[in-house]
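**Q** In my numbering, the protein residues as written are 6 to 433.
Pasting a structure here, questions to come.
Here's what the structure looks like:
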């Protein structure tokens with residue numbers, strides 16, 4: 006499929022939500038982009054994504070303000086709020102900000118909600134290139150349960166596809182590289198919005214610009230894996246993920262269930278990495294301004310699972326506040342090589358909160374040992390279970406500690422602290 010060429014490896018980048026909620030400003034986006042270009046670009050990090058509510062001039066946190074006016078053009082399309090994105094003035098939209106990010110050698114992304122602005126429907130504004138108006142294509146009974154900005158778009162109505170085409174024509178003019186579309190992969194009211202997923206796919210294909218398509222929120226239904234793969238590059242397999250052990254614990258089961266539905270250009274998404282300084286203007290996840298509540302062991306466990314499973318990696322913290330520890334999690338070249346280049350990831354077994362995963366490289370095999378219990382315990386795996394029946398003395402490397410380790414003749418066994426993990430590379 007053509008769109009799979011846009012994301013042959015799992016996308017890696019920064020998203021403004023975990024630290025700034027609905028309120029991120031242009032200077033903050035540029036500052037994080039500058040940091041990425043200086044410290045992370047060489048490791049494969051490339052997307053800079055402005056999350057939700059960029060058209061709302063008065064956003065104050067991650068808490069949505071119902072029924073507030075949004076900035077909109079004459080064709081029913083939301084545009085950036087100039088008080089937050091000054092370079093958008095004079096109808097320039099996000100093009101100047103995209104130019105800034107592209108000049109750093111990075112890629113630019115935005116978040117949108119599915120559908121058409123309710124205010125466009127109430128004002129009955131035009132749809133570009135048609136005689137149709139917003140009221141003609143809206144589906145007023147198709148709403149988002151947690152955000153009041155939009156109505157759904159009715160596929161069978163004349164002008165529905167033209168509306169989405171006009172949106173993506175605008176985003177192509179802005180030179181957007183990445184689209185996160187929300188209230189679409191799962192809905193608390195309706196399940197996945199399949200019609201609008203397909204309209205958006207067609208609109209991207211019509212716009213003449215390559216854009217990675219990310220669908221949120223989750224959990225996307227596993228029984229729709231084929232449809233998601235046919236239309237998107239990544240989709241959330243979970244609801245919003247925060248720095249709480251229970252959510253990380255639950256992710257092991259989600260990754261196991263989705264592990265057969267991964268390949269070049271299509272990536273089940275375990276959601277953003279709530280690392281570093283988060284919650285600056287956000288009240289989600291049960292806390293506000295903080296450094297991640299995950300312990301260092303839990304941070305490594307999360308990075309290990311996301312990387313061997315090959316989830317997209319979207320960092321959620323304020324990059325400029327990273328300490329050496331946080332930066333080290335994002336710049337471990339050997340772990341990132343596994344994330345980018347490995348294949349055939351699978352869970353070898355799970356038994357009483359002992360979990361073992363493996364993945365294959367070109368001339369190596371990767372093994373991740375996890376202790377996701379609340380007690381110290383030994384986690385073991387036989388070489389036979391890894392498909393290594395004729396193992397000879399070989400190099401085994403701990404990728405997080407970046408040192409060689411010794412192993413037994415018959416397999417691997419280590420005592421691990423609660424919530425901790427170990428990631429090994431075995432040369433073949």
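Even glycine gets a Cβ: it sits at the ideal position worked out from N, Cα and C.
1) Identify whether residue 169 lies in helix, strand or coil by the three-state DSSP scheme.
2) Classify residue 20 as helix, strand or coil using the three-state DSSP reduction.
3) From residue 89 to residue 40, what does the alpha carbon distance come to, in whole angstroms?
4) So, at 7 Å on beta carbons, what are the nonlocal neighbours of residue 160 in its own chain, with the 5 sequence-adjacent residues on each side left out?
5) For the beta strand (DSSP E) that residue 259 lies in, which residues bound it at each end?
6) Let me confirm a value: residue 119 is counted as buried when at least 16 other C-beta atoms fall within 10 Å, else exposed. Which label applies?
7) Under a Cβ-count criterion, where at least 16 other Cβ atoms within 10 Å of its own Cβ denotes burial, should residue 72 be classed as buried or exposed?
8) In whole angstroms, what separates the C-alpha of residue 189 from that of residue 256?
9) So residue 55 is in the beta strand (DSSP E); what residue range does that whole segment cover?
10) Jot down the residue ranges of each uninterrupted beta strand (DSSP E) in the stretch 93-162, minimum 3 residues, whole runs only, in chain order.
11) Taking DSSP's pairing of strands, which residues face residue 363 in a bridge?
12) Between the alpha carbons of residue 11 and residue 287, how many angstroms are there, rounded?
13) Can you give me the start and stop residues for the beta strand (DSSP E) that residue 183 sits inside?
14) Given this structure, state the Cα-to-Cα distance separating residue 134 from residue 97, to the nearest angstrom.
15) Beta-carbon within less than 8 Å of residue 399's beta-carbon, same chain only, minus the 5 sequence neighbours each way: which residues are those?
16) Quick one: measure Cβ to Cβ for residue 179 and residue 100, integer angstroms, because I've assumed they're closer than 8 Å.
17) Strictly by DSSP, which residues pair up with residue 432?
18) Can you check which of these residues, 423, 422 and 427, is closest to residue 410 by C-alpha distance?
19) Would you mind sorting residue 194 into buried or exposed? The rule is 16 or more other CB atoms within 10 Å of its CB.
20) Compute the Euclidean distance between the alpha carbons of residue 253 and residue 308, then round it to the nearest angstrom.
21) Thinking C-alpha only, which one of 232, 241 and 176 is nearest residue 6?
22) Straight-line CA distance for residue 272 to residue 317?
23) Can you name, in chain order, every residue of its own chain whose Cβ lies under 8 Å from the Cβ of residue 381, other than the five neighbours on each side?
24) Quick one: grab the DSSP three-state call for residue 311.
25) With which residues is residue 273 paired in a DSSP beta bridge?
26) Mind the definition here: the stretch 298-313 touches the stretch 16-27 only if three or more C-beta pairs lie below 8 Å; say whether that holds.
27) Along the alpha helix (DSSP H) that carries residue 209, what are the first and last residues, could you check?
28) Excluding the five sequence neighbours on either side, which residues of its own chain have a C-beta within less than 6 Å of the C-beta of residue 237, listed in chain order?
29) Using the three-state DSSP reduction, which class does residue 83 fall into: helix, strand or coil?
30) Identify every residue that forms a DSSP beta bridge with residue 377.
**A** Considering the structure as presented:
1) In the chain shown, counting from the first residue as 1, residue 169 sits at position 164. Correct three-state label for residue 169: helix.
2) By 1-based counting over the chain shown, the position of residue 20 is 15. It is a strand residue.
3) Locating residue 89 in the chain shown gives position 84, where the first residue counts as 1. Locating residue 40 in the chain shown gives position 35, where the first residue counts as 1. Near 20 Å, if we compare the C-alpha coordinates of residue 40 and residue 89.
4) In the chain shown, counting from the first residue as 1, residue 160 sits at position 155. 200 and 204.
5) In the chain shown, counting from the first residue as 1, residue 259 sits at position 254. It is not in any beta strand (DSSP E) - residue 259 instead sits in the alpha helix (DSSP H) that spans 250-263.
6) For the purposes of this step, residue 119 is taken as residue 114 along the chain shown, with counting starting at 1. Counting Cβ neighbours within 10 Å, residue 119 comes out buried, since at least 16 surround it.
7) Here the question's residue 72 lines up with position 67 in the chain shown. Burial call: exposed.
8) Locating residue 189 in the chain shown gives position 184, where the first residue counts as 1. Locating residue 256 in the chain shown gives position 251, where the first residue counts as 1. Their Cα atoms are separated by approximately 21 Å.
9) As a position in the chain shown, residue 55 is number 50, starting the count at 1. Residue 55 -> beta strand (DSSP E) spans 52-55.
10) 112-118, 143-149 and 152-158
11) Locating residue 363 in the chain shown gives position 358, where the first residue counts as 1. BP columns for residue 363 point to 351 and 372.
12) Here residue 11 refers to the residue found at position 6 of the chain shown. Here residue 287 refers to the residue found at position 282 of the chain shown. Cα-Cα distance, rounded: 31 Å.
13) Translated into the one-based positions of the chain shown, residue 183 becomes position 178. Note, residue 183: beta strand (DSSP E), 183-187.
14) Walking along the chain shown from the start, residue 134 turns up at place 129. Walking along the chain shown from the start, residue 97 turns up at place 92. In a straight line, the C-alpha of residue 134 is about 20 Å away from that of residue 97.
15) Residue mapping note: residue 399 aligns to position 394 of the chain shown, counting from 1. For residue 399, where only same-chain residues beyond five positions count, the Cβ hits under 8 Å are 431, 432 and 433.
16) Your numbering for residue 179 matches position 174 in the chain shown. Your numbering for residue 100 matches position 95 in the chain shown. Confirmed, Cβ separation roughly 5 Å.
17) Taking the first residue of the chain shown as 1, we reach residue 432 at position 427. Bridge partners of residue 432: 369.
18) The residue given as residue 410 occupies position 405 in the chain shown. The candidate whose alpha carbon is nearest that of residue 410 is 427.
19) Here the question's residue 194 lines up with position 189 in the chain shown. With fewer than 16 Cβ atoms within 10 Å of its Cβ, residue 194 is classed as exposed.
20) Sequence index remark: in the chain shown, residue 253 carries index 248 (1-based). Sequence index remark: in the chain shown, residue 308 carries index 303 (1-based). Rounded to the nearest angstrom, the two C-alpha atoms are 11 Å apart.
21) For the purposes of this step, residue 6 is taken as residue 1 along the chain shown, with counting starting at 1. Ranking 232, 241 and 176 by Cα distance to residue 6 puts 232 first.
22) On the chain shown, residue 272 is found 267 positions in, with the first residue counted as 1. On the chain shown, residue 317 is found 312 positions in, with the first residue counted as 1. For residue 272 and residue 317, the distance between alpha carbons rounds to 7 Å.
23) As a first step, residue 381 is located in the chain shown; it is residue number 376 there, counting from the start. Contacts found: 420, 421, 422 and 423.
24) Against the chain shown, residue 311 aligns to sequence position 306. Helix, per DSSP.
25) Counted from its first residue, the chain shown places residue 273 at position 268. Per DSSP, 240.
26) no
27) Counting from one through the chain shown, the residue named residue 209 turns up at place 204. Where residue 209 is concerned, the enclosing alpha helix (DSSP H) stretches over 199-212.
28) Residue numbering aside, residue 237 sits at position 232 when the chain shown is read from its first letter. Correct list, in chain order: 218 and 220.
29) As a position in the chain shown, residue 83 is number 78, starting the count at 1. Residue 83: strand per DSSP, three-state reduction.
30) Taking the first residue of the chain shown as position 1, residue 377 is located at position 372. Residue 377 pairs with nothing; no bridge assigned.
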